[in-house]
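Remarks on the structure that follows.
2 protein chains.
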Amino acid sequence: MKTRTIRIGLCGLGTVGQGVWKHFSASRARLESQLGVKLELHRAAVKDPRKKRAVKIPAGRITTDTLAVATDPKIDIVCELIGGTGLARRVTLAALARGKVVVSANKALLCAHGAEIFAAARKGGGHFFFEASVAGGIPIIKALREGLVANRFRLIYGILNGTCNYILTRMSLEGAPYAAILAEAKKLGYAEADESLDVEGWDTAHKASILAFLAHGVWVKTDRMIVEGIDRVSPIDIRTAATLGYGIKLLAVIGRDFENNELFVRVHPTLLPKDKVLANVNGVFNGIAVTGDVVGTTTYIGRGAGQDATASAVISDIADAVTLLTTGKAVAAGRPEQGPRVRLAPLEHVISRYYLRMTVKDQPGVLAQIAQITARNRVSIASVIQTAAGRTDAASLILTTHESNERAIRSTLADLARLKSVLEKPLLLRIGEFTD
Amino acid sequence: MKTRTIRIGLCGLGTVGQGVWKHFSASRARLESQLGVKLELHRAAVKDPRKKRAVKIPAGRITTDTLAVATDPKIDIVCELIGGTGLARRVTLAALARGKVVVSANKALLCAHGAEIFAAARKGGGHFFFEASVAGGIPIIKALREGLVANRFRLIYGILNGTCNYILTRMSLEGAPYAAILAEAKKLGYAEADESLDVEGWDTAHKASILAFLAHGVWVKTDRMIVEGIDRVSPIDIRTAATLGYGIKLLAVIGRDFENNELFVRVHPTLLPKDKVLANVNGVFNGIAVTGDVVGTTTYIGRGAGQDATASAVISDIADAVTLLTTGKAVAAGRPEQGPRVRLAPLEHVISRYYLRMTVKDQPGVLAQIAQITARNRVSIASVIQTAAGRTDAASLILTTHESNERAIRSTLADLARLKSVLEKPLLLRIGEFTD
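What follows is the structure in structure tokens.
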């Protein structure tokens, strides 16, 4: 019997594309022997063929016609490594329409157009694999979809953005302010020139959306989530949190209430108790804690991004794609839902303890005013810490609350904003005392 | 098109078998919709049908003829949940000879007869799945085999035995001696009546053997490993380790030297630096750190055993078996090795720092004698701590060494045993300063 040749096309040869080319070439012989096929990196599409690249690719295998790679009848597997939602979307849809397998690391595309992409795959007979889109180095998508197939997931929470975790880790180790660490992170290449996608929480939200789809079978758009970034976290918060026994991490939290058939997805800096494993996942590392109803909590830690970690995930998807092409194994896209469609939880069902830092006028009666407001909103105060605010006429007032909900805390914040004695917009953080 | 029915037989209805029955029944509808088949728990074989069980199984579905379940032509998937290497082996071989898929949690069987089992599977057209055999709740086998397929594994180390980790954790938290905690663990059901398989390291060694096979494609028998248990670890070791910045964990360590094509597998109590994630994995939890050449280090944490965690893994294997039966997806058993066959590393290539505790006569010149012996064996001392030994004529002497190797340290121990001033067999622990 003649060995079948599977041909792979790369769209995009940036950092990730070059990593895939390099590591795939290095492991090709082993993969061929394991999968029982010949594997060929057939063609790569780039914007600028003359650009210097770290990997040597024969000139005949390079093209600038990206769509031609996506539609090439010889190519079985298309790796979309362009990024963004423009050309990447056209490439993806074109390949899926021709029944190809698309392997992608593109969380923004998937979050924005997931339903369209899977519909195109069903219609065209294609398949869409995306292990590299969330926590690149960690095989979390395979774990949720296959390894933990027996489970329903009450709670998933994780550190999904390496840039934010790097900044928070250094702020915590050095006591330095956010802006200084961000500037250094940019110099060192740990943060993008435009950092907003990372530090404002949108990148994490895209990944949370994908995990929620895998676990619960529905797409939650980012405008239906709570999404808050790390840009207002200051050294005083990190110091106070440490005193109270917490570290601060930017978390995605996906909670499901099976009794009421409600789901919520939120992204925010979170005070995480120091004895939680994820509170000690530092630097550019990602970590995810998954609570299943059968298995309990399992935790996964690894590099979330970067050339090598992402290439590892892309190659794992290529191997699965080869198995699919040679045997017809169909991978379920998301989890099919039983029973009535899950609803997004209203804000009053999203429960948490809160941390609230305010800069207030240093005069008698301020605490009484604030306490009246929290009481009126039925938010119960657990602790009060007052410290210097770095100006003579004001003080920093930090409250932690007992369990409350997002509706009540939002109303509290609105009331506080109307107080003349509260000098800046209060900073709100969540306290993540998750019961694993 | 008529939906195909896949029939499952359970051999053994102990703790794990009942867990599989319970959780499989609960998730059956969802699994059927996801996998596109009808699923039926066809029959279960037990020793005593009249025994009280937590799950209700119709009398017609229970039999005492275990081999009849394994060979029943109606049954597609046989779950071997008997344990041991007697009947379990006969059941496994009989089912594989008939081309069935066997799902097993039996690490002892696999470690002792792995080569025979996979040969029988190849010959009979059957398949053997064993996700539940190592770190039940953690999908580590799928991660090694599929998720990290792009990687070669220089280092794998992990906490694979919940009983030992529970005992060491409580010793560490309470400062209590080994024997007292073991007795309590037995009362609470965290240790078996005969604890030797766990505390002497054999259970961990079985699991290490399976991980080594998955990562490197060869079976290493336990008599070719270093296997040491936790039964001689005392509160003084845990205190001293803590002072030096380490926790003590029973680890399996699988190291591969790709340049020299050498492999070693070892199991021993290990001083693990407190800043390693696994040093903080406590209680009955398991944890595994895997260093791949592409992805770097990824870490996995979860419950290693128990009814529910094991059932979760067995059901994941059942789902994969259904995919295999409906599409023909073949899972590679181990990793096919490229090039010349890997050798077991000689002891002088197995490098570590060491911790050595001796009870010595409290008299002048003893340290000089000991230092002469270590020098003669080219073992270089890093630190010396002397404390009271709980008897008036003796002292506890604790040495830590710089990097040495298993040959040199073994020879050192033999020389020390001949010293009259060394009163008991020295306790040797490894210091696990792994470079992830």
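Residue numbers (our numbering), protein chains in the order written: chain C, 2 to 437; chain A, 2 to 437. Yeah, the Cβ is synthetic: ideal placement off N, Cα and C, and Gly gets one too.
For residue 131 of chain A, is the classification buried or exposed, using 16 other Cβ atoms within 10 angstroms of its Cβ as the cut-off for buried?
buried
Give me the Cβ distance between residue 177 of chain C and residue 236 of chain C, rounded to the nearest whole Å; I'm assuming they're in contact under 8 Å.
7 Å
C-alpha distance - residue 384 of chain C paired with residue 401 of chain C, whole-angstrom precision:
5 Å
Does chain A have any CB closer than 9 Å to the CB of residue 35 of chain C?
yes
Which value, in whole angstroms, describes the spacing of the CA atoms of residue 60 of chain A and residue 70 of chain A?
15 Å
Residues in its own chain within less than 7 Å of residue 199 of chain A by CB, not counting five upstream and five downstream?
162, 164, 165, 192, 193
Do the stretch 117-136 of chain A and the stretch 316-324 of chain A touch if we need at least three Cβ pairs shorter than 8 Å?
yes
Hey, which unbroken runs of the beta strand (DSSP E) at 3 residues or more fall wholly within the stretch 231-272 of chain C?
Here the runs fully enclosed are 247-258.
Please list the partners that residue 126 of chain A has in chain C, where partner means a Cβ-to-Cβ separation under 9 Å.
By Cβ distance, chain C contributes nothing, its closest Cβ being about 15 Å from residue 126 of chain A, past 9 Å.
How would you list, in chain order, the residues of chain A whose beta-carbon sits under 8 Å from the beta-carbon of residue 74 of chain C?
The premise fails here: residue 74 of chain C is roughly 24 Å from chain A at the closest Cβ pair, so nothing lies under 8 Å.
Tell me which residues share the same chain as residue 363 of chain C and place their Cβ nearer than 7 Å to its Cβ, disregarding the 5 neighbours each side in the sequence.
394, 395, 396
Going along the chain, which residues of the stretch 140-174 of chain A sit with their C-beta nearer than 9 Å to a C-beta in chain C?
Taking 9 Å as the upper bound on Cβ-Cβ separation, chain C lies near residues 140, 141, 142, 143, 144, 147, 148, 149, 150, 151, 152, 153 of the stretch 140-174 of chain A.
Taking all protein chains shown into account, do 16 or more other C-beta atoms lie within 10 angstroms of the C-beta of residue 373 of chain C, making it buried, or fewer, making it exposed?
exposed
Taking the alpha carbon of residue 367 of chain A as the reference point, which residue from A/351, A/387, A/348 has its own alpha carbon closest?
Among A/351, A/387, A/348, the Cα nearest to that of residue 367 of chain A is on A/387.
Can the beta-carbon of residue 38 of chain A be found closer than 9 Å to that of residue 325 of chain A?
Taking 9 Å as the cut-off, the Cβ atoms of residue 38 of chain A and residue 325 of chain A do not count as close.
Looking at chain C, which residues of the stretch 269-287 of chain A have a Cβ within less than 7 Å of any of its Cβ atoms?
Hits within the stretch, in order: 278, 281.
Sub-9 Å separation of residue 261 of chain A and residue 349 of chain A beta-carbons
The answer is no: Cβ separation not under 9 Å.
Among A/430, A/47, A/212, A/425, which residue has its Cα nearest to the Cα of residue 360 of chain A?
A/425
For the stretch 207-219 of chain A and the stretch 103-113 of chain A, state whether three or more C-beta atom pairs, one from each stretch, are separated by less than 8 Å.
Result yes; three or more Cβ-Cβ pairs closer than 8 Å.
Any beta-carbon of chain C closer than 9 Å to the one on residue 1 of chain A?
This structure cannot settle anything about residue 1 of chain A, because the visible part of chain A is limited to 2 through 437.
In the stretch 187-236 of chain A, which residue ranges form an unbroken alpha helix (DSSP H) of at least 4 residues, counting only runs that do not cross its ends?
Counting only runs of 4 or more, we get 197-200, 203-217.
Between the beta-carbon of residue 14 of chain C and the beta-carbon of residue 63 of chain C, is there less than 9 Å?
Result yes, Cβ atoms of residue 14 of chain C and residue 63 of chain C sit closer than 9 Å.
Report the start-end ranges of each alpha helix (DSSP H) in the stretch 31-76 of chain C that is 4 residues or longer and not cut off at the edges.
DSSP runs (the alpha helix (DSSP H)) wholly in the stretch 31-76 of chain C: 67-72.
Spatial neighbours of residue 416 of chain A within its chain, please: CB distance less than 8 Å, with the 5 preceding and 5 following residues excluded, ordered by chain position.
374, 377, 378
Give me the residue from A/78, A/20, A/29, A/264 with the minimum Cα distance to residue 57 of chain A.
Out of A/78, A/20, A/29, A/264, the CA that lies nearest to the CA of residue 57 of chain A is found in A/20.
What separation, rounded to the nearest whole angstrom, lies between the Cα atoms of residue 293 of chain A and residue 437 of chain A?
9 Å
Say whether the stretch 167-185 of chain C touches the stretch 244-252 of chain C, bearing in mind that this needs 3 or more beta-carbon pairs closer than 8 Å, one atom from each stretch.
yes
Per the DSSP calculation, residue 362 of chain A is bridged to which residue(s)?
A/395
Thinking C-alpha only, which one of A/16, A/216, A/8 is nearest residue 307 of chain A?
Cα-wise, what sits closest to residue 307 of chain A is A/16.
Beta-carbon proximity of residue 346 of chain A to residue 404 of chain A, cut-off 9 Å:
no
With DSSP run on the structure shown, which of helix, strand or coil describes residue 173 of chain C?
helix
How long is the line joining the alpha carbons of residue 422 of chain A and residue 358 of chain A, rounded to whole angstroms?
14 Å
My understanding is that residue 154 of chain A touches residue 343 of chain A, with C-beta atoms under 8 Å, so please give their C-beta distance in whole angstroms.
At roughly 12 Å, the Cβ-Cβ gap does not stay under 8 Å, so residue 154 of chain A and residue 343 of chain A are not in contact.
Name the chain C residues whose beta carbon is nearer than 7 Å to that of residue 190 of chain A?
Within chain C, no residue comes near residue 190 of chain A; the closest Cβ sits about 17 Å away, beyond 7 Å.
Report the residue from A/240, A/270, A/254, A/412 whose alpha carbon sits nearest the alpha carbon of residue 216 of chain A.
A/254
Relative to the C-alpha of residue 222 of chain A, which candidate in A/241, A/180, A/265, A/273 has its C-alpha closest?
A/265
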